[in-house]
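K.L.:
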Amino acid sequence: MGTTSLVAWIALAVSAFSFLFNVIGFYRSRAKDLFSLRQEVLTKAEKTRSSWARSIQNNKSLIHKAEVNNRLEPELQAMLINFLGSHQEFLEQCEADASAFAKDVYENGAKFTESKCREYLRMLDPNLEVFERTEGVAERKYIELMERAEAAGRISPV
169 MGTTSLVAWI ALAVSAFSFL FNVIGFYRSR AKDLFSLRQE VLTKAEKTRS SWARSIQNNK
229 SLIHKAEVNN RLEPELQAML INFLGSHQEF LEQCEADASA FAKDVYENGA KFTESKCREY
289 LRMLDPNLEV FERTEGVAER KYIELMERAE AAGRISPV
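Take 169 as the starting number for the sequence shown in our numbering and just add one per residue.
#1: Could you tell me the distance, in whole angstroms, from the CA atom of R274 to the CA atom of A221?
#2: Looking at C-beta atoms only, is the number of pairs between the stretch 261-271 and the stretch 212-219 that lie closer than 8 Å three or more?
#3: Pull up the CB-CB distance for L240 and I323, whole angstroms please, since I reckon it's below 8 Å.
#4: Assuming I224 and E260 are in contact, meaning their beta carbons sit under 8 Å apart, how far apart are those beta carbons, in whole angstroms?
#5: For A278, tell me which candidate among R206, G193, L180 and F189 has the shortest Cα-Cα distance.
#6: Identify every residue that forms a DSSP beta bridge with L205.
#7: Counting C-beta neighbours from all protein chains within 10 Å, is the total for A266 16 or more, i.e. buried, or is it exposed?
#8: Nearest-angstrom Cα distance between F299 and P242?
#9: What does DSSP give as the partner residue(s) for V240 in the beta ladder?
#10: Taking DSSP as the reference, what is the three-state secondary structure of E214?
Here's what the structure looks like:
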């Protein structure tokens, strides 16, 4: 230790501890960021799944409306019910896919890396945007079809 003073060694030790605490803080911050990303993926996966489920319920409601509407001509009613039924099958498949995706996120989300989280978010965000833009479109189209059928005289009077 000869010419090196005790003060220099103490300053070096303080600097080393300070550096160590900064490194620990950095990794804690990254861990918190990764946890937040994982939570965001989980939340959006569930939101996507529930959006498909809500679309299914809305479509079922429209099918029921078409089935009980005895004012429609039978041919038009059958065509409408057939279309809505086909759409229902599509929605159910999409909901099954979204449920499988959400299940994967629930089961394996704790193992996701930052890049996998970002990849999943890139897949989920466009789906949620589509749901936000198309919310209520089926109902409006159904109403529009009923109005057009009435204007064309394809709905019998009450």
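Glycine residues also receive a C-beta, built at the ideal position from the N, C-alpha and C atoms.
P.N.:
Reading from the atomic positions:
#1: Looking up residue 274 in the sequence shown gives position 106. Looking up residue 221 in the sequence shown gives position 53. The sequence given here has Tyr at residue 274, not Arg. Approximately 18 Å, taken between the alpha carbons.
#2: yes
#3: The count along the sequence shown starts at 1 and reaches residue 240 at position 72. The count along the sequence shown starts at 1 and reaches residue 323 at position 155. With 8 Å as the limit, L240 and I323 qualify as a contact, their Cβ atoms being about 6 Å apart.
#4: Here residue 224 refers to the residue found at position 56 when the sequence shown is read from its first residue. Here residue 260 refers to the residue found at position 92 when the sequence shown is read from its first residue. I224 to E260, Cβ: 6 Å. Contact.
#5: Here residue 278 refers to the residue found at position 110 of the sequence shown. When each option's Cα is compared against that of A278, the closest is R206.
#6: Numbered from 1 along the sequence shown, position 37 holds the residue referred to as residue 205. Answer is none; L205 lacks a bridge partner.
#7: Stepping through the sequence shown from its first residue, residue 266 is reached at position 98. The residue is buried, with at least 16 neighbouring Cβ atoms inside 10 Å.
#8: The residue you call residue 299 lines up with position 131 of the sequence shown. The residue you call residue 242 lines up with position 74 of the sequence shown. Cα to Cα, F299 sits roughly 32 Å from P242.
#9: Mapped onto the sequence shown, residue 240 falls at position 72. Reading the sequence as shown, one finds Leu at residue 240 and not Val. DSSP output for L240 lists I323 as bridge partner(s).
#10: As a working mapping, residue 214 is identified with position 46 in the sequence shown. Correct three-state label for E214: helix.
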